[in-house]
Structures are given as C-alpha cells and as structure tokens.
Amino acid sequence: MSNTHSKSELIVSSTSNFDPINLESEILQLCLQYPNGVSNKILENSFPNVTLEQRVNALNRLSSLQKIDFLKSLNEPSSFIYRIRDPMNKSNSSISIGNETTDQMERIVYQVVKESGNLGIWIRDIRFKIQLSPTILNKTLKSLENKQLIKAVKSVHANKRKVYMLYELTPDSSITGGTWYSDQEFEAEFV
C-alpha cells in the first residue's frame, strides 16, 4: 500500500471520528506543507467535517502550546493565516523583551503597529485592520505600552489623535512637526 495520499483523502478519513488531538496534529502537518501559512479557506477545505468551533479550539490550543503563530493575511486584511512556529528563530514569532510574555492578541496588534514604521498608526486604523472591539484593543494597547513594546505619540496635525509605533522608533518629523514644533506647539518666534 502506498503512503502517498492526496490531502483530502488524508483529512477526510481522519476527521470522520472527531478527535481534537488528532485534529491538532493534522493542522500541524498542513502547516508544514504550507510554510508561508495556512489560510482559513485552506483549513475549511481540508477539514470539511470539522465545525468552526472545533477548528478554533484546536488553533487556540496549538497557539497556547506555542506551536503555531497567527499572522494577519496580506491578501485578506480581515483574516489570519496560521504558520508553524520556527523553534530556531525566536525573533520570528516572539515579541517578548526580557522575561515579558505576550498573548496572541498582543502579537497581532504588535504586528500591525510594526508595519506602520515610524509614521505610526492611528487606533481606528488598527481596529479596522484586525476587526477588534474598542475595549479589547484599548486593553491590548495599554498592555503593550506597559511592556514598553509600543508607544503612543501625539500628532501635531491632530491634537487629540495619538498614533502608535514601536517603542524603539523615533517618530517621523511629519508626526512631531520637526524643528518648528515643541511639545506639539508651533514655535512662532523661530519663524
């Protein structure tokens, strides 16, 4: 008997009798087949007999065991891809500093903030990109600020608007106003 199975044969036969541990191992196998990440669409097609709740539980458990990472999909900004965690490259999936640990939501928010570079990103844009409730997003941002992974910077263009960027970055002069501004106040005496 041959060991080569099509993906659908392998998965359909194994999901007929649902076993959460078996599902987790099959998700890991699928992640190995797709090193750039597995989308929700691939998971749905690969596991047609598994409910959304069962799939989410398996993904959350794999994430809590630090076997996979959730990443924002570039093709579908409101969706995620799941990628196997590389144990050799800790910087790839870990955003911890020192002994600080982060949860999955913090990693997702951190990734979005990181993509904005030194221009920063407004809270509304973060919420739009990852489809997160304001309460959870505020709590996550506050946690990342307390861990000194990100910082809030007031923009000179909108007094009450803060943009978020990585803690170690220096804000772009278009955000701070450059030499013409001091503490978000225009220095008229220098003109």
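For what it's worth, the numbering used here labels the leading residue of the sequence shown as 6, then goes sequentially. Ideal Cβ positions, reconstructed from N, Cα and C, are used throughout, including at glycine. Keep in mind the model is a prediction, meaning the values are calculated, not measured.
{"Item": "Using 8 Å as the Cβ pair cut-off and three pairs as the minimum, do the segment 152-160 and the segment 131-144 touch?", "Value": "no"}
{"Item": "Since Glu29 and Arg60 are thought to touch, with beta carbons under 8 Å apart, how far apart are those beta carbons, to the nearest angstrom?", "Value": "That pair is no contact at about 10 Å."}
{"Item": "Measure from the alpha carbon of Phe75 to the alpha carbon of each residue in Glu58, Gly122, Asn41 and Asn50, then state which is nearest.", "Value": "Asn41"}
{"Item": "Give the secondary structure of Leu79 by DSSP, where H, G and I count as helix, E and B as strand, and everything else as coil.", "Value": "coil"}
{"Item": "Closest to Asn123 by CA distance: which of Tyr87, Thr175, Lys134 and Leu149 is it?", "Value": "Thr175"}
{"Item": "Beta-carbon within less than 6 Å of Ser44's beta-carbon, same chain only, minus the 5 sequence neighbours each way: which residues are those?", "Value": "Ile86"}
{"Item": "Leaving out five residues before and five after Phe25 in sequence, what residues of the same chain have Cβ atoms less than 8 Å from its Cβ?", "Value": "According to the sequence provided, residue 25 is Pro. The question's Phe does not apply to it. Answer for Pro25: Gln59, Asn62, Ala63 and Arg66, listed in chain order."}
{"Item": "Quick check on DSSP: helix, strand or coil for Asp74?", "Value": "strand"}
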